[in-house]
Amino acid sequence: MTVLSLRDLRITYSTQGGPVPAVRGVNLEVGTGEVLGLAGESGCGKSTIAGAVLRLLPKSAKIEGEILLDGQDVLALKPGKLRALRWAGASIVFQGAMHSLNPVQRVGDQIAEAMIVHRQAQEKEARTRAGDLLQMVGLPARRIDDYPHELSGGQKQRVMIAMALACNPSLVIADEPTTALDVIVQAQVLRLMKSLQRDLGLSMVFITHDLSVLVEVSDRLAIMYAGKIIEEGPAEQVFHDPKHPYTEALSAAFPEIGDARFRHRPSGLGGDPPDPMNIPSGCPFHPRCPKAFDDCPTHEPALYEAGEGRRAACLLVEGVRAPATGGAG
Amino acid sequence: MGGAYIARKLLAALFTLFFVLAFNFFLFRVMPSDPVSINARSERLTRQDIQEQLENFGLLDPLPTQFVRFVGNTFQGDFGLSFVTGTPVTAEIGARVWPTVLLVGLSTLLATVFGVLIGIKGAWKRGSAFDTTSLFGSLVFYSMPEGWLGMILILIFVGWLGWFPAGGYTSGLESGFGNIVDVAKHLFLPCLTLTLGYIGEYAIVMRSSVLEVKNEEFVATARAKGVRDKDVRRHHAVPNALLPTLTLVFYSFGFVLGGAIIVEYVFSWPGLGALTYNAINDLDYPVLQAIFLLSSALVILFNLFADILYGYLDPRVREG
Amino acid sequence: MGLTPLEAQVGPPEQPEGTPGDPQAPRSARAIVWGRRRHALAYNWSLYRHNTQGMIGLVILSVFIALALLAPLIVDQAEITPADTTGVPLQAPSADYPYWLGTDNFGRPVLWLLIWGARISLTVGLVATVGTMVLGSIVGIAAGYFGGRIDTALNAFTNWFLVIPWLVLAIVLVAILGPSLGIIILVIALTSWAGTARLVRAQTLTVKERLYVERGKALGAGNWHLITRHILPNVFPVIFANTVLTVSLAILSETTLALLGLGDPNSVSWGTIIEEAFNSGALTAGYWWWLIPPGICIVLVTLSFTMCGYALDEILNPKLRER
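Residue numbers (the working numbering), protein chains in the order written: chain A, 12 to 340; chain B, 2 to 321; chain C, 1002 to 1324.
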C-alpha cells in the first residue's frame, strides 16, 4: 500500500530575479510502514518537497506534477479539505525546534490544538491525550503546562515529535529533526524516533543531509542533487556500496566509527552546490565529480538500473546509455 | 509572576523619580529668577511685590535648605502657592485635572485600539489596498503637527460645516444629561485630533511587529497543523506581536502629554496643558514645577506599568 | 539563497579584487578598505534607487531643499518684510504671481513666505538633528562600550531625559532662555538626544559582542582605535537611518514650539506662519490659504524624511527586508 506518491514533481519559486527551479522532476513512493530517507546538501530541494506535500509553500511557488497522499490528489484539494488533510493525513516534524513552538503558549495546548482543530477531541480530553503523547516520547505528562523556553533543545524536539503524532497521521515527514542538536542528544532523539516508528508502524520520510543518521533510521534511501534524485535503493546498500560518485562523497563525509573504509582515505567534497538559477549542463554534478569524463557535460543521465531495486543517475553505471524502463530522470 | 522582577522595576522607577525631583528642583532654581528679569516679563507685579514673594516662598534661603524643604513638601503634597493667584498649586492643578484626563485618556484608548487593529489587518494582508492605504494614511497623520491638524479640523468642522463649537469645555448652559452631551460635543474635535495624531504611529508599529512574527517558524507550524488563517492570526501571531507594541505605546506616553498641551491650547480646552501654557507666560514657577514633576511621575508610572504588563504577558520574562 | 528579492534584481555585491586598470599592482590595506567602502556605497545606492518609497521621499526633499537654497533669488525680500510689503492684506489666492496663495495680514504673498520659511524650518531641523545625533552617539557609544559603572551612570542619565515629557522641558527652557533660533535648536537637541542614545547603546552592545572587537583587544588595540575603527563604522548605518527619522521629529518639534508662540519672532518658519495666522483669527475668518499651505509643506517634508528613513532602514537593517 502506497502512502505517498510523487510523480514528476516540479516546483519553481518566483523571485524578483526570475524563476528558481527547486525541484526538477522527482518520482518517489513511500509504502505503509516504510521509512524513506531523503538526503542531499542544502538547496537540493528536499525541504521544498516536504513543504509541498502539505502545500505549505508560498503562494507564488508553482507546483506541477502529482502528489498523492493516501490516494488523494493533494494539489487538487479545496482549502477546507486541505486543512483537514494537514496533520491528520501527514504531519511534519520541523527542524530547529528553537523557534517552531509558540513562545507564549504552553506546549500541551499546542499539541492539543492539533486535535481540537481536527475535531478529534474536546479540550479536556485533548489535554489528557497531550500528556499521554509526551509520555510516549519520554517526557513526564505534567510538562504539558510548560512553556517552550522551559525546555531544553532535545526536549523541545520530543515535543515536536509528540505533536506530529497527535492526529494519528498516515505519514510523518521529519525535516532535519536532529540537525540543530548536539551529538548525544541527537542519538537519543534518533533512537526515540526509531522505536516509535517500529511500535506504531509509522510511514516516514526522513530528511537530512547527514547520511550516517539516515542509514540507521531508513529502509530505503533517495539522494537528491540539484532538484533531482540521483540515486535510490535500500539504505544499507546505498550507503556502503554507492553507485553514484556524489553518494560516495556524501557517505565519506559522514564516517561511521568502526567502518574500515574511513580509516585511511581523506573525505570531503570540494566546491559548492549548484545555484538553481545556473545549473551546469549535462550531468549537474560534473564540475565537482572526481570521475567525470568527456560525455558528462553533454549528456544528462537518467536514473539507470544499478542492481536489485537500485537506480543511479550516472553515466558510469552499468548499462550505460540504456535508460531503465519506467525511470524518469 | 516573579516578585524579584517587580521589585527591580519598582526600585528603578523610584530611583528615576528621585532624580527627576532633584533635576526639577535645580532647574527652576538655577534658571534666571532674579527680580529684574521677572519684572521685565511680567508687568503684573512690582519690584517690591516680587521681592516679597521671593522671601515668602523662601527663595532667598541657601540652596541646600531649600532642597530639603522642597523634598519634604513634595512628599506631603505641598507644592506651594501660585505666584500669580496665591492659591495652593494643588488646587490649581486639581481644578484642571479632569478635562485633561478625559481628553488624553479617551484619545489614547481610541488610538491604541484602532491603531493596533489597523496594523494587524494591514500586516496580515500585506500589499493589499487596505494595507497600502492605511500605511500611507498612517504616515501622513504621523507627519502632521497636532496643533495644525486641530486647526484644520476647526476650519472644516466649525468654520465651514458648523457642526461643533469652536473651543472650550462646555457652554455652561445645560445641566444633567444635556450637559454630558454638551461636553461631548466640545470634546469631539480635540479628541479626534489627538487620536489621529497617534493612531498612525501605533498602526505602523503594530504592523511591523506582526510582519516580523508572521515569518516566524511557529506560525508555519500552526498552519501545517491545519489551523485556519484567522485563528493563526488570533492565537499565534497577534499575542506575540502585541507585546513589543504595547510596550512602545506606553513608552510613548510622554509624547502624548506633549500633544495634549498643544491641542488644549488650540481648542481652549481648560486642562493641565492650558495651565502649563499660562504658567509659562506668567513665569509661575511653583505651578510649573508641580506640573513638571507630575508629568514626569506619570511617564515613570506608565513605563513601570508597561514593564509589569510585559512581564505578565510574556512567560519568558515572568520568572524574575 | 541568501539574496533578498531586491538584491537578486540588482545583483549581489561583488568584492573588488584590485584597482581597475592595474590588477597586478599590490594595494595598501588602506586603499583596499576604502575601495571596499566606495563599492559598498555604490551598491547601497543602487539598492536605494530601486526603493520606490525612498526615491519619492528623496525627490520631494530635493525640491524643497532647492527652493530653500534658491530662496534669495526667487523671493523679493522687501515684499516679505511687514513694513515694506506692497500687497493687499488678507487676499484670497489669485492667478497673479506671486499671489497664487494669497496674502497674510500684512499683505505679504504667502507663496514667498513659504519658500522663505523653508530655509529656517529645514535648517532648524537639520542642525538640531546633528546636535541630537552627536550627543546621543557619544553617550550611547560610551555607555555601550565601557560598560560597568559608566554604563549605569549614563543609563540613569539617559533615562531621566527619556522620562521628562519633551514639550514641558522645551517650553520651560525656551521661556527662560529666550526664543532665539540658536536656543530653539539647542532645546530640541536637548530633548531628543536620549532616544538616539538608547538606540546607539543597544547597537554598540551588539557590535561589541562580535569577535573582531575581542581580537582587536587581544592584539593590544587601544580603546580609541577600537571605537573609531571597529565600533563606529558598524554602528554608523543604524545611526544614519535613525538620523533621517529624527529630522522629521525635529521639524515637528520646532513647529509645535512656534505654534505655542515660542518661535523666534524675527524669523519666518512654517510654524511661525501658522502661528500668525492662528493669532490673526484665520480660523474664524476662514483664511484657509494662509493656514493650510504651511502645514502641507511641513507634512510633505516630514513625510519625505520619514520615507527616506524607512528606505534606509530596510537597506541597512536586513531584518526588516521583505522575504
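Cβ coordinates follow ideal geometry from the N, Cα and C atoms, glycine included. Everything numeric in this text was worked out from a predicted model, so none of it was measured.
Run down chain E in chain order and give the residues with a C-beta less than 7 angstroms from the C-beta of residue i.
i, result
"Asn1160 of chain C", "Although the question refers to chain E, the structure presented lacks it and instead comprises the protein chains A, B and C."
In chain order, what residues of the same chain have a beta carbon less than 6 angstroms from the beta carbon of residue i, not counting five sequence neighbours either side?
i, result
"Gly4 of chain B", "none"
"Gly1019 of chain C", "Note that Gly1019 of chain C scores 44 on pLDDT, short of 50, meaning its location in the model is unreliable and no value can be drawn from it."
"His129 of chain A", "Ala99, Cys178"
"Ala1198 of chain C", "Gly1137, Val1140, Gly1141, Thr1159"
Which same chain residues end up closer than 7 angstroms to residue i when comparing Cβ atoms and leaving out the 5 residues on each side of it in sequence?
i, result
"Phe131 of chain B", "Lys122, Gly123"
"Thr1124 of chain C", "none"
"His187 of chain B", "Pro166, Gly169, Tyr170, Thr171"
"Lys89 of chain A", "none"
"Ala173 of chain A", "Ile122, Leu144, Leu145, Met147, Val148"
"Phe105 of chain A", "Ser111, Met171, Asp186"
Quick one: what's residue i bridged to in DSSP?
i, result
"Leu276 of chain B", "Partner(s): none; Leu276 of chain B has no beta bridge."
"Glu1315 of chain C", "Glu1315 of chain C pairs with nothing; no bridge assigned."
"Ser1095 of chain C", "Paired residue(s): none; Ser1095 of chain C is not in a bridge."
"Leu82 of chain B", "B:Pro89"
"Val216 of chain A", "A:Leu47, A:Ile184"
"Pro1110 of chain C", "C:Thr1104"
"Gly244 of chain A", "A:Leu232"
"Gln83 of chain A", "A:Leu80"
"Pro65 of chain B", "Paired residues: none, contrary to the question."
"Val31 of chain A", "A:Tyr24"
"Glu227 of chain A", "Paired residues: none, contrary to the question."
"Glu202 of chain B", "In the DSSP output, where bridge partners are listed per residue, Glu202 of chain B has none listed."
Quick one: what does DSSP say residue i is sitting in, helix, strand or coil?
i, result
"Leu111 of chain B", "helix"
"Pro159 of chain A", "helix"
"Lys126 of chain B", "coil"
"Lys239 of chain A", "strand"
"Lys73 of chain A", "strand"
"Glu348 of chain A", "Here chain A covers residues 12 to 340 and nothing more, so residue 348 of chain A does not appear."
"Asp19 of chain A", "strand"
"Asn216 of chain B", "coil"
"Ile1293 of chain C", "helix"
"Glu311 of chain A", "coil"
"Asp283 of chain B", "helix"
"Thr13 of chain A", "strand"
"Ser25 of chain A", "strand"
"Val72 of chain B", "helix"
"Glu147 of chain B", "helix"
"Glu40 of chain A", "strand"
"Arg229 of chain B", "coil"
"Ala323 of chain A", "strand"
Tell me which same chain residues have a C-beta within less than 8 angstroms of the C-beta of residue i, skipping the five on either side of it?
i, result
"Val141 of chain B", "Gly201"
"Gly1022 of chain C", "With a pLDDT of 48 at Gly1022 of chain C, under the threshold of 50, the modelled position of this residue cannot be trusted; read the value that follows with caution. No residues qualify anywhere along the chain."
"Trp950 of chain C", "Any question about residue 950 of chain C goes unanswered here, given that chain C covers just 1002 to 1324."
"Glu134 of chain A", "Ala123, Ile127"
I'd like to confirm something about residue i: is its beta-carbon nearer than 7 angstroms to some heavy atom of the ligand ADP, or not?
i, result
"Thr139 of chain A", "Although the ligand ADP was asked about, the structure shown includes no ligands whatsoever."
Along the stretch 92 to 103 of chain A, where does the CB come closer than 9 angstroms to a CB of chain B? Name the residues. Leu93, Arg94, Ala95, Leu96, Arg97, Trp98, Ala99, Ser102, Ile103
Residue ranges of each beta strand (DSSP E) within the stretch 180 to 207 of chain A, 3 or longer: 182 to 186
When you check each C-beta in the stretch 91 to 106 of chain B against every C-beta of chain C, which residues fall closer than 7 angstroms? none
Chain-ordered residues of the stretch 116 to 140 of chain B with a beta carbon less than 7 angstroms from chain A: none
What residues in the stretch 1172 to 1185 of chain C bring their beta carbon closer than 9 angstroms to a beta carbon of chain B? Ile1172, Val1173, Leu1174, Val1175, Ala1176, Ile1177, Leu1178
Where in the stretch 1037 to 1096 of chain C do unbroken runs of the alpha helix (DSSP H), each at least 4 residues long, occur, reported from the N-terminal end onward? 1053 to 1075
Taking Cβ-Cβ distances below 8 angstroms as the criterion, which residues of the stretch 206 to 227 of chain B are in contact with chain A? Glu217, Glu218, Phe219, Ala221, Thr222, Ala223, Arg224, Ala225, Lys226, Gly227
Inside the stretch 92 to 121 of chain A only - beta strand (DSSP E) runs reaching at least 3 residues: 101 to 104
Any chance you could list the alpha helix (DSSP H) runs of at least 4 consecutive residues sitting entirely within the stretch 1217 to 1288 of chain C, in chain order? 1233 to 1260, 1271 to 1280, 1283 to 1286
Output needed in chain order: residues of the stretch 1239 to 1266 of chain C with a Cβ under 7 angstroms from some Cβ in chain B. Ser1249, Leu1253, Thr1256, Thr1257, Leu1260, Leu1261
Entirely within the stretch 1139 to 1217 of chain C and at least 4 residues each: give me those alpha helix (DSSP H) ranges in chain order. 1149 to 1164, 1167 to 1178, 1182 to 1210
Below 7 angstroms between beta carbons is the criterion; list the residues of the stretch 134 to 167 of chain A that meet it against any residue of chain B, in chain order. Tyr158, His160
By the 7 angstroms beta-carbon criterion, what residues does the stretch 1272 to 1289 of chain C contribute toward chain B? Ile1275, Phe1279, Leu1284, Thr1285, Gly1287, Trp1289
Residues within the stretch 296 to 307 of chain B neighbouring chain C, beta-carbon criterion of under 8 angstroms: Ser296, Ser297, Val300, Ile301, Asn304
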